[in-house]
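Asks: Got a structure here, written out as structure tokens. Questions coming.
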Ligand code: ARG
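Laid out in structure tokens, this is it:
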């Protein structure tokens with residue numbers, strides 16, 4: 044008979060069992076479930092709700108079950124629905140009536156809420172550690188490339204010269220924000236729901252605070268209806284994970300572009316590329332593409348969870364069982380993508396000569412040429428027009444601004460003199476952008492140090 048079978052006269056259809064059972068996926072929360080139960084049992088004993096001997100036997104047996112699960116000795120049963128009832132069933136099999144006392148003052152509704160919160164807390168910490176490794180890797184690449192000039196783009200058109208370091212550090216900023224978002228979600232996940240019962244708490248004198256402390260939570264939930272219904276933290280985590288994937292995906296798109304023959308800015312290590320079954324010359328950036336592709340499924344889990352929750356009346360509804368596969372798959376996906384990306388970028392070889400040449404071609408110094416005129420007293424709008432004419436002249440004559448003779452420059456504006464050449468070299472263009480946030484090696488080195496301090500504090 045099912046643990047809840049008392050009021051039923053017929054057993055469930057076996058396909059129904061299969062349909063509504065969650066053990067195939069929620070078994071990954073076995074440790075959280077058992078740890079929560081051990082804390083609950085101890086509290087029941089201390090409060091005199093069950094005897095201390097019973098509490099101790101329950102705790103001891105739960106520890107044995109945990110060990111047996113870890114040693115692969117436990118086979119879960121689909122008929123027992125979920126991890127909560129599987130553990131309880133095994134407990135009762137082992138210690139009979141005493142085991143039946145564990146669920147006093149508790150419901151699977153607050154139990155599952157506790158388990159997901161505990162699971163989520165661990166996952167947030169793991170993912171933050173992976174993000175820190177990525178930031179450290181990017182910061183190192185930046186350190187080696189503070190003078191590696193490359194074109195910066197807008198509209199994927201060459202715009203102004205920057206450095207590879209500047210580009211890498213842009214992603215460091217994104218991943219630092221991702222950590223901040225997860226840290227923030229952690230705070231709201233770190234609230235202990237046990238004691239909410241099925242929805243309206245319980246008549247037993249539970250000591251919720253002691254369970255909260257024992258399980259390492261910050262505080263307890265303040266309304267039992269909310270305690271069992273709240274999955275905001277799942278949505279927040281899924282949202283933070285979606286943003287991580289969005290950042291990775293943008294970066295991957297650049298890796299795909301940069302490793303093409305058209306760009307040739309980067310050569311991926313053989314270990315992070317694949318070949319074609321038909322075209323012998325191919326070396327494809329599959330890992331980058333796959334990460335870009337997997338972004339969609341994480342977004343899907345965010346939208347799926349938001350949609351699953353949107354029509355639910357208070358308090359618990361079985362729809363909420365759908366939160367777990369979404370969260371688990373999003374977590375698994377991010378935990379696979381982050382290390383693959385980190386290793387891919389760590390082993391990539393940047394073709395700095397091609398980057399430099401691309402920055403030199405494509406008039407990335409045009410703004411600086413206009414700025415030079417402004418510094419001679421010309422209003423910016425006029426300078427813009429003069430340089431526009433110069434660029435057109437260069438396009439028609441297949442040359443670049445710095446390769447024009449002084450006579451050619453003066454033919455367009457008499458203001459030009461020798462000193463313009465130095466001002467519009469790509470090196471100078473980068474060096475001169477020395478405002479905070481800019482690509483100048485001086486500023487970038489300071490930012491690299493800031494990141495090192497951040498990493499030291501976070502690790
Ligand atoms: N497996 C269920 C879930 O994941 C546990 C809670 C079940 N509660 C209930 N009243 N059916 O949501």
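Numbering (my numbering), first residue to last: 44 to 502. A virtual CB, placed ideally from N, CA and C, is assigned to each residue, including glycine.
Report the rounded CA-to-CA distance for residue 185 versus residue 211, giving the unit in angstroms.
Replies: To locate residue 185, count along the chain shown from 1; it is residue 142. To locate residue 211, count along the chain shown from 1; it is residue 168. Taking the straight line joining both Cα atoms gives about 6 Å.
Asks: Would you call residue 448 buried or exposed, if buried means 16 or more other Cβ atoms sit within 10 Å of its Cβ?
Replies: The sequence position of residue 448 within the chain shown is 405, counting from 1. By the 10 Å Cβ count, residue 448 comes out exposed.
Asks: Expressed to the nearest angstrom, what Euclidean distance is found between the alpha-carbon atoms of residue 218 and residue 158?
Replies: Along the chain shown, one-based indexing puts residue 218 at 175. Along the chain shown, one-based indexing puts residue 158 at 115. Rounded to the nearest angstrom, the two C-alpha atoms are 28 Å apart.
Asks: Roughly how far, in whole angstroms, is the beta-carbon of residue 458 from the beta-carbon of residue 421, given that I think they are within contact range, below 8 Å?
Replies: For the purposes of this step, residue 458 is taken as residue 415 along the chain shown, with counting starting at 1. For the purposes of this step, residue 421 is taken as residue 378 along the chain shown, with counting starting at 1. About 6 Å separates the two Cβ atoms, so the contact holds.
Asks: Could you tell me whether the stretch 118-134 touches the stretch 280-294, where touching means 3 or more Cβ pairs closer than 8 Å?
Replies: Result no; under three Cβ-Cβ pairs closer than 8 Å.
Asks: Would you mind working out which of 213, 201, 273 and 149 sits nearest residue 364, comparing C-alpha positions?
Replies: On the chain shown, position 321 is the one that residue 364 refers to. Comparing Cα-Cα distances from residue 364 to each of 213, 201, 273 and 149, the minimum goes to 273.
Asks: Residue 150: which of 107, 237 and 163 sits nearest, CA to CA?
Replies: As a position in the chain shown, residue 150 is number 107, starting the count at 1. Out of 107, 237 and 163, 237 has the C-alpha closest to the C-alpha of residue 150.
Asks: When the Cα atoms are used, what is the spatial distance from residue 265 to residue 99?
Replies: The count along the chain shown starts at 1 and reaches residue 265 at position 222. The count along the chain shown starts at 1 and reaches residue 99 at position 56. If you take the alpha carbons of residue 265 and residue 99, they lie about 29 Å apart.
Asks: What I want to know is whether the C-beta of residue 151 ends up closer than 6 Å to one or more non-hydrogen atoms of the ligand PLP.
Replies: Questions concerning the ligand PLP fall outside what the structure shown contains, since the ligands it does hold are the ligand ARG.
Asks: Taking C-beta to C-beta, are residue 97 and residue 141 nearer than 7 Å?
Replies: Reading the chain shown from its first residue, position 54 is the one you call residue 97. Reading the chain shown from its first residue, position 98 is the one you call residue 141. Their beta carbons are under 7 Å apart, which means residue 97 touches residue 141 by this criterion.
Asks: With 16 other CB atoms within 10 Å as the buried threshold, where does residue 319 fall?
Replies: Mapped onto the chain shown, residue 319 falls at position 276. Its Cβ having fewer than 16 others within 10 Å, residue 319 is exposed.
Asks: With a threshold of 6 Å, establish whether the CB of residue 125 neighbours any heavy atom of the ligand ARG.
Replies: By one-based count along the chain shown, residue 125 stands at place 82. Flag set: Cβ of residue 125 near the ligand ARG.
Asks: Below 6 Å, is the gap between the Cβ of residue 102 and the nearest heavy atom of the ligand ARG?
Replies: As a first step, residue 102 is located in the chain shown; it is residue number 59 there, counting from the start. Every heavy atom of the ligand ARG is 6 Å or more from the Cβ of residue 102, so no.
Asks: Distance check for residue 146 and residue 514, CA to CA, integer angstroms please.
Replies: Absent from the model: residue 514. The displayed extent of the chain is 44 to 502, so no value can be given.
Asks: If distances are taken between C-alpha atoms only, which option among 267, 226 and 257 comes closest to residue 246?
Replies: Counted from its first residue, the chain shown places residue 246 at position 203. Checked all of 267, 226 and 257; the closest Cα to residue 246 is 267.
Asks: Is it buried or exposed, residue 323, if we count other Cβ atoms within 10 angstroms and call 16 or more buried?
Replies: In the chain shown, counting from the first residue as 1, residue 323 sits at position 280. Counting Cβ neighbours within 10 Å, residue 323 comes out exposed, since fewer than 16 surround it.
Asks: Is there at least one non-hydrogen atom of the ligand ARG closer than 6 Å to the beta-carbon of residue 70?
Replies: Translated into the one-based positions of the chain shown, residue 70 becomes position 27. No; taking the cut-off as 6 Å, the Cβ of residue 70 has no heavy atom of the ligand ARG nearer than that.
Asks: Residue 484 lies in the alpha helix (DSSP H); which residues open and close that run?
Replies: The residue given as residue 484 occupies position 441 in the chain shown. Element bounds for residue 484: 484-501.
Asks: How is residue 262 classed by DSSP in three states: helix, strand or coil?
Replies: Position 219 of the chain shown, counted from the start, is the residue given in the question as residue 262. Reduced to three states, the DSSP call for residue 262 is strand.
Asks: Going along the chain, which unbroken runs of the beta strand (DSSP E) with 3 or more residues stay wholly within the stretch 319-392?
Replies: For the stretch 319-392, not a single whole beta strand (DSSP E) run of length 3 or above is found.
Asks: Reducing DSSP to helix, strand and coil, say where residue 110 ends up.
Replies: In the chain shown, the residue the question calls residue 110 occupies position 67. Three-state result, residue 110: helix.
Asks: Less than 7 Å between C-beta atoms, sequence neighbours within five positions excluded: which residues of the same chain meet that for residue 306?
Replies: Walking along the chain shown from the start, residue 306 turns up at place 263. Counting only Cβ-Cβ distances below 7 Å, and skipping sequence neighbours, we find 300.
Asks: Let me check one thing: in DSSP terms, what residues is residue 310 bridge-paired to?
Replies: As a position in the chain shown, residue 310 is number 267, starting the count at 1. 392.
Asks: Note down, in chain order, each residue of its chain lying with its Cβ closer than 7 Å to the Cβ of residue 179, except the 5 sequence neighbours on either side.
Replies: Within the chain shown, residue 179 is the residue found at index 136, counting from 1. Closer than 7 Å at the Cβ level, and outside the excluded window around residue 179, lie 498.
Asks: Compute every distance between the C-beta of residue 155 and the non-hydrogen atoms of the ligand ARG, then say whether any falls below 6 Å.
Replies: Reading the chain shown from its first residue, position 112 is the one you call residue 155. It does: the Cβ of residue 155 is within 6 Å (strictly closer) of some heavy atom of the ligand ARG.
Asks: Closer than 6 Å to a non-hydrogen atom of the ligand ARG - does that hold for the CB of residue 211?
Replies: As a position in the chain shown, residue 211 is number 168, starting the count at 1. Not so, every heavy atom of the ligand ARG lies at least 6 Å from the Cβ.
Asks: Just mark residue 174 as buried or exposed, buried being the case when its beta carbon has 16 or more other beta carbons within 10 Å.
Replies: Position 131 of the chain shown, counted from the first residue, corresponds to residue 174. So residue 174 counts as buried.
Asks: Can you have a look at residue 506 and say buried or exposed, based on whether 16 or more other CB atoms are within 10 angstroms of its CB?
Replies: The structure shown does not extend to residue 506, since the chain spans only 44 to 502, so no value can be given for it.
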